[in-house]
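J.: Be aware that the sequence shown starts at 769, since it is given in this note's numbering, and climbs by one per residue.
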Amino acid sequence: MSSIKEIILTNSEKKVLLTLSKKSKFTPEELASTSSLPIEAAMQSAFLLAEKGLCEIKETITAIYSLTKEGETYAHISLPERQIINSLAAPISFDELKKRFSPPMVGIALGWLRKKNWARIEGDKIIPTGKAEPGEDENILAKLRIGPLSEPGDAVRDLIKRNLVEKTEKKTRIITITDSGNALEASGLKIEEEVAQLTPTIITSGSWKTARIRPYNIHTPVKPVYGAKIHPYQRLINEMRQIFLEMGFTEIKGDIVQSSFWNFDALFQPQDHPAREMQDTFHLATECDLPEEYIAPVKEMHEKGGGISRGWGGRWSEDVARKQVLRTHTTAVTIKYLADHPDPPVKAFCIDRAYRREAIDPTHTPEFEQLEGVVMDKGVSFKNLLGCLTEFYHRMGFEEVRFRPGYFPYTEPSVEPEVYIESRGKWVELGGAGIFRKEVTLPLGIKYPVLAWGLGVSRVAMLRLGLKDLRVLYQSDIDWLRKSTVL
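What follows is the structure in structure tokens.
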């Protein structure tokens, strides 16, 4: 520690040190009252003195046990098991007992009656054992009626589990002066007026030359300042949106609640397809009207193939198509947009949320963001599709991109785009893409090729942000949000 002569104190620290020299120990309240400082200023100065070895601050944490509102009720009228056992003079059936007491109370009491051996259960009868001496839990409740306790025990723990008693902690502090503090106080401390901030008046008058300037430690680390910024996941979504806008695409939006027609039927998914079953789709109890102009051609395509394929056979049901769902993909939005804009050229994308019945784990959630896009024009080809996606991923910072053959119900040919992650040493699949089948486009009056893709936004976010658990993107972890890098 520095020598006494080298220690520089503020006036508040001097007041606290002079106060501490008057007796052996102080509470924070006593220290504030005697030093004529607010309690916050007195304790701040005490902590600074403790860092310099001039005083000691000892903290003691005491557990306090008190009654909850429910506990107060039972402390006055007795526990449920006590109320029931006191009412029993002979065996009684469950049905009869529930006529005397409320079912919730009976449910609470039965387990404790057996645990305390006050009664036993035979068939549908509750039989008193004849022994119902007051237990330690009842003694504690009686004591807690008078006031809080600081004595833990098994009975107290049981009462806490029953939500009849709650535990709080009381922190007490005692401040004492050290030998170094006494030595510094004895050397002659003087409380002088000091200037905490230089003002124009002090500078122009020249009074700063003789004034005592409050010392500042320029080596003290400054408190970190976290400026406001957009959530990392939203920043990434904005970046994806900007890339497609710069590539000449139009952003589109659609309803979260969609008809099965636009979510499945218009995409040539058969009505008995597994994707429509409850484990994948959130089905709603509501229905909606169908677009009249598309009912007949979609029905024809599903049942007979519309002259270009064999279709799915069977009977296509309008009733099934009317049922509403939470959209399982944003393709429901892009296919409707294409139906409303059948004349080329069309370049559109949708980046929005979709919903599926997924078990929550580090890589799956029931709701997720999807980046959907379509290009429709004369003469566009599969090669154009690969070029468009390659350009997008390059702009997202992925240098190596490749495509693997894939299968999707409404595109042919289909591919899965992959990017190479150097840190993982492997290729990672990020979505699906392909050219819409004619079974999809012809019933809607679309005569030209449609390039389509659906990309996983959260997968890209995990790679860019170095995450192993997708759920972090949706948690309100303020420390992670503050320290996340602005990419």
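Here a beta-carbon is modelled for each residue, glycine too, at the ideal position from N, C-alpha and C. Remember, predicted model here, so these are calculated numbers, not experimental data.
Based on DSSP bridge pairs, tell me the residues matched to Leu-835.
T.: Beta-bridge pairing links Leu-835 to Val-933.
J.: Apart from the five residues just before and just after Met-769, which ones in its own chain have a Cβ nearer than 8 Å to its Cβ?
T.: Low local confidence applies: a pLDDT of 48 at Met-769 is under 50, so the model's placement there is unreliable, with the coordinate-based value given in what follows. For Met-769, where only same-chain residues beyond five positions count, the Cβ hits under 8 Å are Lys-820, Gly-821, Ser-948.
J.: Take Ser-918 and list the residues in its own chain whose beta-carbon comes closer than 8 Å to its own, dropping the five residues that flank it on each side.
T.: Taken in chain order, the residues that qualify are Thr-830, Ala-831, Ile-832, Tyr-833.
J.: Could you spell out the range, first to last residue, of the alpha helix (DSSP H) harbouring Val-1225?
T.: Taken as a continuous stretch (DSSP letters only), the alpha helix (DSSP H) holding Val-1225 covers 1225-1233.
J.: Quick one: any contact between the stretch 1118-1128 and the stretch 1163-1180, if contact means 3 or more CB pairs under 8 Å?
T.: No, they do not touch.
J.: Following the continuous alpha helix (DSSP H) through Trp-880, name the residue where it begins and the one where it ends.
T.: Taken as a continuous stretch (DSSP letters only), the alpha helix (DSSP H) holding Trp-880 covers 871-883.
J.: What ranges does the beta strand (DSSP E) occupy inside the stretch 1023-1051, keeping only unbroken runs of at least 3 residues that lie completely in it?
T.: As far as the stretch 1023-1051 is concerned, its whole beta strand (DSSP E) runs of at least 3 residues are 1025-1027.
J.: Would you mind working out which of His-1070, Pro-1059, Ile-1024 sits nearest His-1051, comparing C-alpha positions?
T.: Closest option to His-1051, Cα to Cα, is Ile-1024.
J.: Would you say Ala-814 and Ile-943 are within 7 Å of each other, going by their C-beta atoms?
T.: Yes, the pair counts as a contact, with Cβ atoms nearer than the cut-off.
J.: Identify the continuous beta strand (DSSP E) that holds Trp-1195 and give its terminal residues.
T.: Start and end: 1194-1197.
J.: In this structure, what does DSSP give as the bridge partners for Lys-939?
T.: According to DSSP, Lys-939 bridges with Ile-829.
J.: Could you name the residues of the same chain whose beta carbon sits closer than 8 Å to that of Arg-1205, not counting the 5 residues immediately before and after it, in chain order?
T.: Phe-1036, Tyr-1178, Thr-1179, Glu-1180, listed in sequence order.
J.: Suppose you measure from the CA of Glu-797 to the CA of Thr-936; what does that come to, to the nearest Å?
T.: If you take the alpha carbons of Glu-797 and Thr-936, they lie about 21 Å apart.
J.: With burial defined as no fewer than 16 other Cβ atoms inside 10 Å of the residue's Cβ, what is the status of Glu-1168: buried or exposed?
T.: So Glu-1168 counts as exposed.
J.: With a threshold of 7 Å on Cβ separation, who are the neighbours of Met-873 within its own chain once the five nearest residues in sequence on each side are excluded?
T.: Result list for Met-873: Pro-848, in chain order.
J.: Going by other Cβ atoms of all chains shown within 10 Å of its Cβ, with 16 needed for buried, is Leu-1249 buried or exposed?
T.: Answer is exposed; the Cβ neighbour count stays below 16.
J.: Can you list the alpha helix (DSSP H) stretches of 4 or more residues lying completely in the stretch 775-863, in chain order?
T.: Counting whole runs of 4 or more residues, the stretch 775-863 contains the alpha helix (DSSP H) stretches 779-788, 796-803, 807-819, 837-845, 848-855.
J.: For Ala-900, which option in Ser-1149, Gln-851, Pro-1038 has the closest C-alpha, if you only look at C-alpha atoms?
T.: Ranking the options by Cα distance to Ala-900, first place goes to Gln-851.
J.: If we count the other Cβ atoms within 10 Å of its Cβ and call it buried at 16 or more, is Ala-910 buried or exposed?
T.: Label assigned to Ala-910: exposed.
J.: So, Val-1196 versus Ile-1203, is the Cβ gap smaller than 7 Å?
T.: No, the Cβ-Cβ distance between Val-1196 and Ile-1203 is not below 7 Å.
J.: According to DSSP, is Val-1014 part of a helix, a strand, or is it coil?
T.: Going by the sequence as given, residue 1014 is Glu instead of Val. Glu-1014 falls in the helix class under three-state DSSP.
J.: Tell me the residue span of the beta strand (DSSP E) that contains Leu-1139.
T.: Start and end: 1135-1144.
J.: Which residue spans inside the stretch 896-982 form an unbroken beta strand (DSSP E) run of at least 3?
T.: List check, beta strand (DSSP E) in window: 933-945.
J.: Count the other CB atoms within 10 Å of the CB of Thr-1099; is the residue buried (16 or more) or exposed (fewer)?
T.: The residue in question, Thr-1099, is buried, as its Cβ has 16 or more Cβ neighbours within 10 Å.
J.: Looking at Val-1148: is its Cβ nearer than 7 Å to the Cβ of Leu-1198?
T.: Contact: no.
J.: Keeping to the same chain, check which residues put their C-beta closer than 6 Å to that of Gly-974; ignore five residues upstream and five downstream.
T.: Taken in chain order, the list of residues that qualify is empty.
J.: Taking the alpha-carbon positions, what's the Gly-1141 to Phe-1150 distance?
T.: Distance between the alpha carbons of Gly-1141 and Phe-1150 is about 14 Å.
J.: Name the DSSP beta bridge partners of Glu-1185, please?
T.: According to the sequence provided, residue 1185 is Pro. The question's Glu does not apply to it. Looking at the DSSP assignment, Pro-1185 forms a beta bridge with Phe-1171.
J.: To the nearest angstrom, how far is it from the Cα of Lys-977 to the Cα of Leu-805?
T.: C-alpha separation (whole angstroms): 29 Å.
J.: I need the straight-line Cα distance from Leu-786 to Thr-972, nearest angstrom please.
T.: Roughly 35 Å between the two C-alpha positions.
J.: Determine whether the beta carbon atoms of Pro-1065 and Pro-1211 lie at a separation below 7 Å.
T.: Closer than 7 Å, so yes.
J.: So, under 8 Å CB-CB, Val-1093 and Gln-1039 are touching, yes? Tell me the CB distance rounded to an integer number of Å.
T.: About 13 Å separates the two Cβ atoms, so there is no contact after all.
J.: In the DSSP assignment, the alpha helix (DSSP H) including Ser-1247 goes from what residue to what residue?
T.: Note on residue identity: the sequence assigns Asp, not Ser, to residue 1247. Element bounds for Asp-1247: 1246-1251.
J.: Using 8 Å as the threshold, is the stretch 1002-1022 in touch with the stretch 1075-1090, meaning 3 or more CB pairs across them?
T.: The stretch 1002-1022 vs the stretch 1075-1090: no contact.
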